[in-house]
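Quick note: the sequence shown uses UniProt numbering, first residue 1, plus one each step. Virtual Cβ for every residue (Gly too), placed ideally from N, Cα, C.
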Amino acid sequence: VGLLMFLEVIYRASLSFFISRMGIVITTYKPLWKLTKCRIFSLFVSFILPECGKRPIFEDGTQYSRIIGGMEAEVGEFPWQVSIQARNEHFCGGAIINEWWIVTAAHCLFSEELSPMDLSVVLGTNDLRSPSLEIKRVTSIILHKDFQRVNMDNDIALLLLALPITFSGLKEPICLPRKLSPSMWHKCWVAGWGQTNTDDKNSMKTDLMKVPMIIIDWKKCSKAFPRLTKNMLCAGYENESFDACQGDSGGPLVCTTKSDKNWYQVGIISWGRSCGQKNTPGIYTLLENYNLWIKNVTEIEGRPFNAEEMRSPPSRKQVRSHAAEFPETGSPRFWLLISLLSYMLF
């Protein structure tokens, strides 16, 4: 018993150190989650070979704060969410799809003056004011060749990172969607650091905020938006002021299904008439139409992405083969994995 208590202290201490290095301060002695061997094993597998759409350190809860009908996101709730920045200023959101690639909106990057050297990607945090942000440089910007600024069709882009992401409970890939009927999607959310007041450009948030969403029937939405294409979907509420806004563009619309606990990126925040207006849904890029485009582009760039492989639970053979890629001795990730393994073995 004494050994277990000692290992648990080491585990929690290393976790606290790891999380603080990611720029998030935990100011409570309440455990982040119930420490069970099943959960510990899940965490271990996620560190060695992550499966997309998982939130290994998040437990459901609510923490309310107004943001055009929204609330503050909790630690680890959207581990795929990233801030895309130019000269250290947030301007758009994006999502991690694997260790090399970020998916976002083409209109965010549609500028001849913008080069990869101007961009950085902040990940693994909810708080953009943190003194210890993890920042990745960008080596390539890839816009869909058929993106049309006039009607926002094909509003999708990819960013190739200079160095791969080391996944953790705070940094996880999102699953790309299968083709499903809109009615199959369940518990949809958008999150971002965008404006909380449509009339105030200074109302950008430094804490990640979230808004629940409902996908709206395409035919019904197209009556209100005649320029809607089959590459778009609508989400929002008829009688509520829930919406994304400026600064949220490029971020993911994520959902689960009733039969699947994984999270999928169904859409990319694209455009709308105004933020948070009743009977005026937001328009999103329909991501399921671009799985093949993403596959082809990433292969051409030499960093191929396989959506189906990311969606599949890792096998024991895969875990063993990837376990050889052990983190650097003495690093926060090293001590975290040692603690997880110790707790599982005793």
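Exercise. In chain order, what residues of the same chain lie with their CB nearer than 8 Å to the CB of Lys-210, ignoring the 5 residues before and after it?
Worked result: Gly-70, Met-71, Glu-72, Ala-73, Glu-77, Phe-78, Trp-189, Val-190 and Ala-191
Exercise. With distances taken from CA atoms, which of Cys-234, Phe-225, Ala-224 and Arg-137 is nearest Pro-182?
Worked result: Cys-234
Exercise. At which residues does the beta strand (DSSP E) containing Trp-101 begin and terminate?
Worked result: 101-104
Exercise. So what does DSSP say about Pro-252, is it helix, strand or coil?
Worked result: strand
Exercise. Any idea what DSSP makes of Lys-171, helix, strand or coil?
Worked result: strand
Exercise. Going by the CB atoms, is the gap between Pro-177 and Leu-287 shorter than 7 Å?
Worked result: yes
Exercise. Ser-83: which of Glu-308, Gly-250 and Thr-257 sits nearest, CA to CA?
Worked result: Gly-250
Exercise. If you run the structure through DSSP and keep just helix, strand and coil, what is Thr-229?
Worked result: coil
For this session: Could you name the residues that DSSP lists as bridge partners for Gly-267?
Result: Leu-253 and Leu-286
For this session: Count the other CB atoms, across all protein chains shown, that sit within 10 Å of the CB of Leu-163; report buried if there are 16 or more and exposed otherwise.
Result: exposed
Problem set entry | Val-297 - containing beta strand (DSSP E), residue span | Run containing Val-297: none in the beta strand (DSSP E); it sits in the alpha helix (DSSP H), 291-300.
Problem set entry | Run of the alpha helix (DSSP H) containing Trp-218, from where it starts to where it stops | 218-224
Exercise. Using 8 Å as the Cβ pair cut-off and three pairs as the minimum, do the stretch 215-225 and the stretch 85-104 touch?
Worked result: no
Exercise. Is Ile-142 near the ligand FMN, in the sense that its beta carbon is under 6 Å from a heavy atom of that ligand?
Worked result: The ligand content of the structure shown is nil, which means the ligand FMN is not present either.
For this session: Express the C-alpha separation of Gln-81 and Lys-261 in angstroms, rounding to a whole number.
Result: 18 Å
Exercise. In whole angstroms, what is the alpha-carbon distance linking Gln-85 and Cys-108?
Worked result: 10 Å
Problem set entry | DSSP beta-bridge partners of Ser-181 | DSSP, once it has assigned bridges, lists no residue as partnering Ser-181.
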